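First to last, the protein sequences are chains H and P. Residues 1 to 347 in full-length UniProt numbering are what the first sequence spells out, letter by letter. Residues 1 to 347 in full-length UniProt numbering are what the second sequence spells out, letter by letter. Structure, as structure tokens:
2 protein chains.
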Amino acid sequence: MGRSDHRPGSQLPVTPPTLADVAERAGVSRQTVSNAVNNPDLLRPDTLVRVRQTIAELGYSPNRAARNLRTRTSSLIGLRFTPAQEGTANAMMDRFVHSLVEASEEAGYAVLLFPGDDEDPIGGYDNLLRSTAVDAFVVTDTYLGNPQATWLTQQRAPFVAFGRPWDDDVARHVWVDVDGAAGTALATQHLIDRGHSRIAWIGWRKDSPIGEDRRSGWLSTMHANNLPTTGLASRVEDVVHSGAEAAAVLLDESAPTAFVCASDTLAMGVLHTLWIRQLAPGTDIAVVGFDDSQVAQVYPVGLTSVRQPLEDVAVEIVRTLRALLSHQPVESRGVLLTPTLAIRESS
Amino acid sequence: MGRSDHRPGSQLPVTPPTLADVAERAGVSRQTVSNAVNNPDLLRPDTLVRVRQTIAELGYSPNRAARNLRTRTSSLIGLRFTPAQEGTANAMMDRFVHSLVEASEEAGYAVLLFPGDDEDPIGGYDNLLRSTAVDAFVVTDTYLGNPQATWLTQQRAPFVAFGRPWDDDVARHVWVDVDGAAGTALATQHLIDRGHSRIAWIGWRKDSPIGEDRRSGWLSTMHANNLPTTGLASRVEDVVHSGAEAAAVLLDESAPTAFVCASDTLAMGVLHTLWIRQLAPGTDIAVVGFDDSQVAQVYPVGLTSVRQPLEDVAVEIVRTLRALLSHQPVESRGVLLTPTLAIRESS
DNA sequence: CTCGCCCCCTTGATCGATCCAACGAGCGTC
DNA sequence: GACGCTCGTTGGATCGATCAAGGGGGCGAG
Chain H
1 MGRSDHRPGS QLPVTPPTLA DVAERAGVSR QTVSNAVNNP DLLRPDTLVR
51 VRQTIAELGY SPNRAARNLR TRTSSLIGLR FTPAQEGTAN AMMDRFVHSL
101 VEASEEAGYA VLLFPGDDED PIGGYDNLLR STAVDAFVVT DTYLGNPQAT
151 WLTQQRAPFV AFGRPWDDDV ARHVWVDVDG AAGTALATQH LIDRGHSRIA
201 WIGWRKDSPI GEDRRSGWLS TMHANNLPTT GLASRVEDVV HSGAEAAAVL
251 LDESAPTAFV CASDTLAMGV LHTLWIRQLA PGTDIAVVGF DDSQVAQVYP
301 VGLTSVRQPL EDVAVEIVRT LRALLSHQPV ESRGVLLTPT LAIRESS
Chain P
1 MGRSDHRPGS QLPVTPPTLA DVAERAGVSR QTVSNAVNNP DLLRPDTLVR
51 VRQTIAELGY SPNRAARNLR TRTSSLIGLR FTPAQEGTAN AMMDRFVHSL
101 VEASEEAGYA VLLFPGDDED PIGGYDNLLR STAVDAFVVT DTYLGNPQAT
151 WLTQQRAPFV AFGRPWDDDV ARHVWVDVDG AAGTALATQH LIDRGHSRIA
201 WIGWRKDSPI GEDRRSGWLS TMHANNLPTT GLASRVEDVV HSGAEAAAVL
251 LDESAPTAFV CASDTLAMGV LHTLWIRQLA PGTDIAVVGF DDSQVAQVYP
301 VGLTSVRQPL EDVAVEIVRT LRALLSHQPV ESRGVLLTPT LAIRESS
């Protein structure tokens, strides 16, 4: 049965056909039709053909509500959807959500979005969970001391986090994350391979574990290559303006020939400073960003950027969810994926 | 009953409490508990208080599947989620989806995402519809001869389109859209107010009705102000590169002092050409884009851009959906909203 | 020829909330 | 005091699919 078996000209009847309708028409019992859908192996081949034909004729699809009620599952995955911050280059949520939708669909799940509310971070989760509206959650905003993860664990609600629990002592849940340090290491090594030796770092303030992780990739790669790092690092707010200022200061004081940034937003700031100083990105000074956002791709001088493998993250998350939901033992508590480098004119 | 009545320390029982559990504990019948939830007015005040207290004690939430089965509704709105095209500045989908999720939630709906498949454009819709998994759809990708809209209309499936049906003869469905012409008119008038008179247009190829609509806003405003337009318009592919080329040609041949573009992507191209020619955006040459994408906000020289009122679009869509679903007469077949102008350094 | 077994299929019960028709108490009216 | 009426409440039936048993026919073995 191809998935294109909807007959273009046909109108949906006022009330869709039920299992009983199909059963009567095919001359079998309800259970047999049910088996034809869910356990085809139990039927004799000729019966199966006959029932399937009737199903196609009537355009039957199992009623989701009835199935959900009986099986106590919904085939839905809940995702709290908070908007991308305006003024920031990071729009990876869009890409991630799409990947998740695709991966979920292949596993027979659909994605249910619900809004977030900072004042009551678990309100939405609580509602969906108690009304058994979703089978599991994907939690994306895992920051330090994340209340959702703790609460969901306490409720024994199945969920997978996108993002490591940085406060590792109570990390009882499963997670999938991208290795930020590996990403910046990749970027740094790429610049070294291009002949740079004075490579500067512009990152976030110290209270961000993700920022510190990304910074460590730069630091360790520099050390491994016996290159200097003193006076070459700076920590600022994640806004264009701050990136520009930091670049200006670093250029004046330490004369780097390349920049690795914790985000595309900061990299934009660096490009701005280069512009003002009439320095050509890529030829005079190399710049690498992080997240491969749309700015990186659209900016007239393409920005080299670390790209998170969000498609793989989604697939891994769904795989883990399936294991959780089928009560299979989850092999590992966390999965760490390595990003790639999208190389463009700026490096 | 505040929405924060989840007791933090409590664990969800293995099987959640049912209506019957609450009824027994409160010493009333199931129907009375149901009324307490859905029609509080029918209960005597003291009974209502007692039942509500029991509900709170047990942490009861109506089982969604059971309710859906009985009422033949799901409180879900289906949205086909296709990814933003990479290499294009347009990431408004993210903003729109969030707005839709918020607006839906306020109306008691949640948003269900399902993947799109260009080969079988109605496959996902068909499945969800036949299995009565969603109450209605929001259709976003309405292009010329859009098959989904036609098919959904034929199936009598409730849906609202974001986007006008440009082939108006078979436009039987309701829609909400943003007035692109009004947006570019706003942009053009803004430039005229700033003293520009030679204002160029860079738009899409002629086969795009949306592009032609946006172009008409520029054209009519120019005409209304008795300003020349000959030699000042060009139609290209929606990529940065093409925008840059068009800008170069226009600058050489027609000496415009300002550009209005059909997209931020094209505006990026213009900025690139200005850069190469050492022209300062905003002071030497003014540029206005369309969609207020993240590049417009993050680009070192903030790009003035037409901003679609996506929040309002979402609210309007949900309002229309509610009317459709409650079988109220829909006042008007289409709603057209006016965009605003986000003014930045480039103009 | 009969028994037993397996395979294939059928029947009744169930998930939990809502719809429906009816019922009892309280009150006013004649 | 009986009747009709309203209001709050009640028990049974229902939505459509799946679970858990139960049944009948064909075939080989005793």
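Using N, Cα and C, we set each Cβ at its ideal position, and we do this for glycine too. Being a predicted model, the structure only gives us computed values, none of them experimental.
The beta carbon of R319 (chain P) sits no closer than 8 Å to any beta carbon of chain H.
With a 10 Å radius around the Cβ and a threshold of 16 neighbouring Cβ atoms, T304 (chain H) comes out buried. Of all residues in the UniProt domain "HTH lacI-type" (17-71) of chain P, those with a C-beta nearer than 7 Å to a C-beta of chain H are G59, S61, P62, N63, R64, A65, A66, N68, L69, reading in chain order. Among the residues of chain H, those whose CB is under 7 Å from the CB of N127 (chain P) are S61, following chain order. Rounded to the nearest whole angstrom, the C-alpha separation of T257 (chain P) and A247 (chain P) is 11 Å. Collapsing the DSSP output to three states places I317 (chain P) in a helix.
Cβ-Cβ distances below 6 Å link D179 (chain H) to L336, T338 in the same chain, with the five nearest sequence neighbours on each side left out; the list follows chain order. Setting aside the 5 residues that flank it on each side, S220 (chain P) is surrounded in the same chain by A181, A185, each with a C-beta closer than 8 Å to its C-beta; the list follows chain order. DSSP places V33 (chain P) in the uninterrupted alpha helix (DSSP H) bounded by 30-38.
In the same chain as P158 (chain P), and ignoring 5 residues on each side of it, the C-beta atoms closer than 8 Å to its own belong to D135, A136, F137, L321, L324, L325, in chain order. Judged by DSSP secondary structure, S99 (chain H) falls outside any beta strand (DSSP E) and instead within the alpha helix (DSSP H) spanning 92-106. Rounded to whole angstroms, the gap between the alpha carbons of D177 (chain H) and F162 (chain H) is 6 Å. For the stretch 257-270 of chain H, the beta-carbon criterion of a distance under 9 Å to any beta-carbon of chain P is satisfied by D264, T265, M268, G269.
Interface annotation, R130 (chain H): in contact with chain P, CB-CB separation under 8 Å. If you draw a straight line from the Cα of A286 (chain H) to the Cα of S346 (chain H), it comes to about 6 Å.
Think of a sphere of 9 Å around the beta carbon of L112 (chain P): the chain H residues whose beta carbon falls inside it are L76, A110, V111, L112, L113, in chain order. For R130 (chain H), the enclosing alpha helix (DSSP H) stretches over residues 123-130. DSSP places T304 (chain H) in the strand class (E or B) of the three-state scheme.
By the CB criterion at 8 Å, L43 (chain P) and T54 (chain P) fall outside the cutoff.
For G180 (chain P), the three-state secondary structure derived from DSSP is helix. Exclusion of the five residues before and after E316 (chain P) leaves V176, V335 as the residues of its chain whose Cβ lies within less than 6 Å of its Cβ.
If the five residues before and after T73 (chain H) are omitted, its C-beta is found closer than 6 Å to the C-beta atoms of D135, all from its own chain and listed in chain order. Following the DSSP letters along the chain, one finds V51 (chain P) inside the alpha helix (DSSP H) bounded by residues 45-58.
In terms of Cβ geometry, W201 (chain H) and A233 (chain H) form a close pair [threshold 8 Å]. In this structure, the beta-carbon distance from S197 (chain P) to L227 (chain P) falls below 8 Å. Put simply, the CB of W275 (chain P) is near chain H, with a gap under 8 Å to one of its CB atoms. With a threshold of 16 other beta carbon atoms within 10 Å, I199 (chain H) meets it and is buried.
With a threshold of 16 other beta carbon atoms within 10 Å, P45 (chain H) falls short and is exposed. Measuring C-alpha to C-alpha distances from G269 (chain P) to each of P:E245, P:V313, P:E331 identifies P:E245 as the nearest. Annotated as distal: G183 (chain H) and F259 (chain H), with beta-carbon spacing of 8 Å or more.
In the DSSP assignment, G78 (chain P) falls within the unbroken beta strand (DSSP E) covering 76-81. Not a single CB atom of chain H sits nearer than 8 Å to the CB of A286 (chain P). Taken in chain order, the complete alpha helix (DSSP H) segments of 4 residues or longer contained in the stretch 167-246 of chain H are 180-193, 209-224. With contacts defined by Cβ atoms closer than 8 Å, V101 (chain P) and L113 (chain H) form a contacting pair. Around the beta carbon of Q148 (chain P), 16 or more other beta carbons lie within 10 angstroms, which makes this residue buried. Residues of the stretch 224-240 of chain P with a C-beta less than 8 Å from any C-beta of chain H: V240, listed in chain order.
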